[in-house]
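A quick write-up on the structure given underneath.
In full-length UniProt numbering, the protein residues as written are 1 to 572.
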């Protein structure tokens, strides 16, 4: 404890001694430069900077705890003193009447010193504005704020981190970044505060600090965290110029950094307004290469970023030119579910956008891989992505024929109608309605008819009711399926209840259309069961309400009843 205190006292004394030398040298330079006759314009600019420096150092000395922060100043003050000594040497040369040295060389040297002074001014101004010199702290960074800390304390901690990050040496940067990462991971409430209070643009500059990989690694982790946290922090990363450096990391860095950078790029591209920046930074080719040769995590995030980019119409031509489709199709064979899902999702978006992309995907045998993928997946989201892509491709005649001929695929969508979530049921029913399914396959999936009847009463997602009714009508083109439907008490009662004008669970045209299909060339038994369930009364009411198809269906049902009476009379 004693040795630590002694070291701190020694550090404070050393900082004061250096500051005294700086102030003495500053006064000398300000006075001596007034009499110079060479390079007067440059020396006038230098005097202005020296005067500003003198003012900042006065503010530094008046800060309540500046001397208690020697670690923060242990590089700044000596560097400043070195610059002033260099300027004193140049002043002596310019003041020498016999000076006949190279004027261009002297101008260059003065400009270099002027730049150094500007950097020192920036660092001192930053240090003073941060407020950290008004608190006693000989530590490399302030103590981590507690979860119950006031907002002001957290703000000061963040300013302290970024101050030390910008003006400190390598050790300061490392410790500051460690504290920043800990704050980001431990305190969710402070993440947005970091984006508002911290210099995110400077943090982004550290991504390219090649001479110190450990700092780059920490900076990538911090920027990736901010890019992925929420809309506000993501906007700060984008506005701070983060996309270009992140893409360079994704292109050239070691695998762990590539994965973090890819995650950040995926998050940034979720904002459609950012896609222009992807194009201007050559990002499409970088993302495609990461999909082609990256680790599974990098492939997943890169495919996700391509999916986001594909949502923007103006960017799709670039995706086609860079060869995105073959790479995405290849990713469908990945062993990682997340990679498969995002690749399928990107392909579905491209397939929906027009015939050009559908042709490209089919040319790469994308349909075959998507169908094979459907058998291997267990995640509902992944299955949905694959099925959505298949559905988009089904607008092509060759794809429709291929899908219609696959018994395994037909059976699979029948199972999804029975057991999938509402989105999967919607897609499956829609596909079933548009495919040319054989009578044998229609009989093979007849067990999904009850599910289709139930789905006719589901208003969400939009279009599900219509798709369910159309798929059911397609299955009922087979005579045995009609009999099976009306024999199933639950299906029959649900269908008849939908016909009731008092029941608003489904548009009346849907159950009317289904009943009309059952009655068309149906058996006498089907009609009798519909009559017994009370369908005739509801159809008559709907006919009076002029619901499309209701009058004709009512007539068919009533006509069957009259024929039954005549037949019974003849037998008697």
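C-beta atoms are modelled at their ideal positions from N, C-alpha and C, and glycine is treated no differently.
Quick caveat: nothing in here was measured; it's all calculated off a predicted structure.
Nonlocal neighbours in the same chain, by C-beta distance under 6 Å from residue i, ignoring five residues either side
i: residue 485; result: 449 and 491
i: residue 75; result: 169
i: residue 177; result: 218
i: residue 558; result: none
i: residue 162; result: 198 and 199
i: residue 59; result: 128
i: residue 274; result: 238 and 268
i: residue 338; result: 300
Collapsed DSSP secondary structure at residue i in the structure displayed
i: residue 225; result: helix
i: residue 269; result: coil
i: residue 458; result: coil
i: residue 448; result: helix
i: residue 159; result: helix
i: residue 141; result: With a pLDDT of 47 at residue 141, under the threshold of 50, the modelled position of that residue is not reliable, and the figure given next carries that caveat. Coil.
i: residue 443; result: helix
i: residue 322; result: coil
i: residue 32; result: helix
i: residue 332; result: coil
i: residue 407; result: helix
i: residue 289; result: helix
i: residue 239; result: helix
i: residue 436; result: coil
i: residue 364; result: coil
i: residue 559; result: helix
i: residue 109; result: helix
i: residue 253; result: coil
i: residue 275; result: helix
i: residue 164; result: helix
i: residue 230; result: coil
i: residue 295; result: coil
i: residue 283; result: helix
Buried versus exposed call for residue i [16 or more other C-beta atoms within 10 Å across all chains shown]
i: residue 141; result: Interpretation of residue 141 is limited by its pLDDT of 47, a score under 50 that renders its predicted location unreliable; the figure taken from the coordinates is listed afterwards. Residue 141 is buried by the Cβ-count criterion.
i: residue 276; result: exposed
i: residue 436; result: exposed
i: residue 462; result: exposed
i: residue 99; result: exposed
i: residue 538; result: buried
i: residue 93; result: exposed
i: residue 20; result: exposed
i: residue 123; result: buried
i: residue 368; result: exposed
i: residue 245; result: buried
i: residue 151; result: exposed
i: residue 160; result: buried
i: residue 55; result: exposed
i: residue 554; result: buried
i: residue 395; result: exposed
i: residue 545; result: exposed
i: residue 480; result: exposed
i: residue 441; result: buried
i: residue 354; result: exposed
i: residue 527; result: buried
i: residue 419; result: exposed
i: residue 204; result: buried
Chain-order list of residues whose beta-carbon lies under 8 Å from that of residue i (same chain, five-residue window excluded)
i: residue 111; result: 42
i: residue 234; result: 226, 227, 228, 267, 268, 270 and 271
i: residue 153; result: 145
i: residue 90; result: 106, 109, 110 and 113
i: residue 174; result: 214, 215 and 218
i: residue 374; result: 383, 386, 387, 390, 409 and 412
i: residue 236; result: 195, 196, 200 and 226
Neighbourhood of residue i by C-beta distance below 7 Å, restricted to the same chain and skipping five residues each side
i: residue 83; result: 113, 116, 117 and 120
i: residue 279; result: 315 and 318
i: residue 18; result: 77, 78 and 81
i: residue 348; result: 385, 388, 389 and 392
i: residue 346; result: 303, 306, 307, 310 and 328
Any non-hydrogen atom of the ligand FAD within 8 Å of residue i CB
i: residue 340; result: Absence of the ligand FAD from the depicted structure is noted, as is the absence of any ligand whatsoever, leaving it without description.
field: At least three beta-carbon pairs within less than 8 Å, the stretch 205 to 220 to the stretch 183 to 191
entry: no
field: Ordered list of alpha helix (DSSP H) runs contained in the stretch 36 to 100, each at least 4 residues
entry: 40 to 62, 70 to 73 and 76 to 95
query: Three or more C-beta pairs closer than 8 Å, one from the stretch 98 to 110 and one from the stretch 190 to 199: is that the case here?
result: no
- request: Kindly provide the ranges of any beta strand (DSSP E) runs that are 3 or more residues long and lie completely inside the stretch 499 to 550, ordered along the chain.
  value: none
- request: Return the chain-ordered ranges of every alpha helix (DSSP H) run that is complete within the stretch 182 to 208 and spans a minimum of 4 residues.
  value: 191 to 197 and 200 to 205
- prompt: Does the pairing of the stretch 288 to 296 with the stretch 327 to 342 give three or more beta-carbon distances under 8 Å?
  reply: yes
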